[in-house]
Every structure is written in structure tokens, then in C-alpha cells.
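Residues 1 to 237, numbered by the UniProt record's numbering, are exactly what the sequence shown covers, in order.
The beta carbon of each residue, even a glycine, is placed where N, CA and C say it ideally should be.
All remarks here apply to the structure that follows.
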Amino acid sequence: MLMGPTNYWFHIHWRNCHVGSDITPVLLYPLFIYIHLLSPFERSPPLATPFNIYFYLIQIIERKRGRRKPTQMENVMGLLRVRVEKGINLASRDASGSDAYVVVRMGDQKLKSSVKKNSQNPVWNDDLTLCISDPILPLKIEVFDKDTFTPDDKLGDAELDIEPLIQAVKMNLVGVPNGIIITTVKPSRQNCLADESHISLKDGSVAQDVILRLRNVESGEVELKLLWVNVPRNQAI
Ligand SMILES: [Ca+2]
Numbered sequence: 001m002l003m004g005p006t007n008y009w010f011h012i013h014w015r016n017c018h019v020g021s022d023i024t025p026v027l028l029y030p031l032f033i034y035i036h037l038l039s040p041f042e043r044s045p046p047l048a049t050p051f052n053i054y055f056y057l058i059q060i061i062e063r064k065r066g067r068r069k070p071t072q073m074e075n076v077m078g079l080l081r082v083r084v085e086k087g088i089n090l091a092s093r094d095a096s097g098s099d100a101y102v103v104v105r106m107g108d109q110k111l112k113s114s115v116k117k118n119s120q121n122p123v124w125n126d127d128l129t130l131c132i133s134d135p136i137l138p139l140k141i142e143v144f145d146k147d148t149f150t151p152d153d154k155l156g157d158a159e160l161d162i163e164p165l166i167q168a169v170k171m172n173l174v175g176v177p178n179g180i181i182i183t184t185v186k187p188s189r190q191n192c193l194a195d196e197s198h199i200s201l202k203d204g205s206v207a208q209d210v211i212l213r214l215r216n217v218e219s220g221e222v223e224l225k226l227l228w229v230n231v232p233r234n235q236a237i
């Protein structure tokens, strides 16, 4: 028999059992199993018992949780307020137009506008705020026609690269007059812009006016106004 500290303890008791105790070695065997395989007091060698595996997995989960939170917080650059202004010439999916609403996505974030009933030119003027982290992800929008008894119909989608706006945010704009255009992004085959998009300074904040042409639908555009909102480094979100 191996003679570690626990083994020694067991060896003494094993001998006592033979000499004077009524407890037989057969009854002590489960205790032997507990001491050698499950005992939290004897750590080596590590054994692949369900008990040990459970605690090992808990440690891994806790470690990952502990790492994820500070990483997300450190990467936050600021907030982007997306004003969903209006839709233009949206596809009609009902007899009297569409009951249109907009879904804005960025990574895991998903926000919805209100529903405007019976219109192909809805005016929402809804403000949706996204948290912007590094690395920068594209802004994705989808338009739907709300239905009551059937799944909502798609009214197209579009995507916007916000990298030019982020570049403007990183510029030193001290002393730049209000309203001045910092950058203009032109429509191209690589983007969904329906017209030139101006990035400018409005009341000290970087803003971008956007008209997106919807894809995967016969017609429709959506107008957005983006506004950057700085977040102090030490302010929790
Ligand atoms: Ca509908």
C-alpha cells in the first residue's frame, strides 16, 4: 500500500479494525474511496472524478466571465445616435401601402423604430442609440412591413460603413466652425448610398446625413442622421 498522509491514516485504522473494532474493512472501503478519490484535502495527483471536473469547469467559466467584462468596457469608444428620419417610396405590401418599421443592427445590438401604418413614405423621426466599440462594425438596417396574422414582410435592407465618421471623430476639430463639412462620402457600387453623404460638425459633435438605397426590394430609400456622442473614459455604460 502507498503511504501518503491519508494512506497512513487509513493504514492505522485498517490495523485497528483487525485488532479490536467491529467495523469490517468492507465497510471502510467506501471511506477509503472517498479519501483517495474525492477528498478535498489531498490535492495530488489530480483525479478526473465528477467532483473535480465540475469544479474545473466552474473555474474556466468564472475566468472567462472575469476577462470578458473589462475587455468590452475598455473597447467602448462612444455612442452613436441614429435618427431614423423617414422612408421614401417604400414597397407596398398591403392594400393601402405598408406598415413600415426599421431594424438597426450592429454586431449583437439590435434596435427597432416605431411602426408607421399605411404609408410608403413614413416619417419616423425615432432616435436609436448604439454603443460603438473597437473594432468598428458596419451599421445594418432592415425595413419590414408589420403584419398581424402572418410574418412581417421584408421591405429591403442596406449597410453603411461608419469608418469615415469614426475617422472624423478622431480628428482634432478644436476651432473648426460649426456646420463645416469635414468629409463627403460618395455613392458607389461598394456602398448603399443613394446620394452624397456629408460628415460635418454640428453643435460641437460629428454628424453624418445619410440616404440609403434599399437592396433586395423593388424600390425604397431610408434617410438617417447620425450623431456621435462622446463618453468620458471613467463613465460606466
Ligand atoms: Ca402590414
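Kindly provide the chain-ordered list of residues whose Cβ lies closer than 5 Å to any non-hydrogen atom of ligand 2. Questions concerning ligand 2 fall outside what the structure shown contains, since the ligands it does hold are ligand 1.
To the nearest angstrom, report how far apart Pro-177 and Leu-155 are at their CA atoms. Rounded to whole angstroms, Pro-177 to Leu-155 spans 39 Å at the Cα level.
Going along the chain, which unbroken runs of the alpha helix (DSSP H) with 4 or more residues stay wholly within the region 128-173? Taken in chain order, the complete alpha helix (DSSP H) segments of 4 residues or longer contained in the region 128-173 are 163-170.
Quick check on DSSP: helix, strand or coil for Asn-230? In this structure, Asn-230 counts as strand in the three-state DSSP scheme.
From the DSSP output, in three-state form, read off Asn-125 for me. It is a strand residue.
Where does Leu-201 fall in DSSP's three states? Strand at Leu-201.
Roughly how many angstroms separate the alpha carbons of Gln-109 and Arg-81, rounded to a whole number? Those two C-alpha atoms are separated by around 13 Å.
Smallest Cα separation from Leu-130: which of Gly-107, Lys-117, Ala-91 and Ile-180? Out of Gly-107, Lys-117, Ala-91 and Ile-180, Gly-107 has the C-alpha closest to the C-alpha of Leu-130.
Backbone CA spacing between Val-115 and Val-104 [nearest angstrom]: Answer to the nearest angstrom: the Cα atoms are 14 Å apart.
Considering only their Cβ atoms, is the gap separating Ala-168 from Asn-199 smaller than 7 Å? Here residue 199 is Ile; the residue named in the question, Asn, does not match the sequence. Yes, Cβ-Cβ distance for Ile-199 and Ala-168 is below 7 Å.
In this structure, does DSSP put Leu-214 in helix, strand or coil? The answer is coil: DSSP assigns Leu-214 none of H, G, I, E or B.
Let me confirm a value: Ala-91 is counted as buried when at least 16 other C-beta atoms fall within 10 Å, else exposed. Which label applies? Buried: at least 16 other Cβ atoms inside 10 Å.
What does a CB cutoff of less than 8 Å around Asn-125 pick up in its chain, not counting 5 residues either side in sequence? In chain order, Arg-83, Val-84, Glu-85 and Lys-86 place their CB closer than 8 Å to the CB of Asn-125, counting only its own chain and leaving out the 5 sequence neighbours on each side.
Of the residues Pro-122, Ser-205, Met-77 and Leu-137, which one's Cα is nearest the Cα of Val-174? Minimum Cα distance to Val-174 is reached at Ser-205.
In chain order, what residues of the same chain have a beta carbon less than 8 Å from the beta carbon of Asn-89, not counting five sequence neighbours either side? Here the set comprises Gln-120, Asn-121, Ser-219, Gly-220 and Glu-221.
How would you call Pro-232, buried or exposed, if buried means at least 16 neighbouring beta carbons within 10 angstroms? So Pro-232 counts as exposed.
Spatial neighbours of Asp-161 within its chain, please: C-beta separation below 6 Å, excluding the five flanking residues on both sides. Only Pro-138 meet the Cβ criterion.
Using only alpha-carbon positions, find the residue among Asp-94, Leu-165 and Ala-194 that is nearest to Phe-149. The option with the nearest alpha carbon to Phe-149 is Asp-94.
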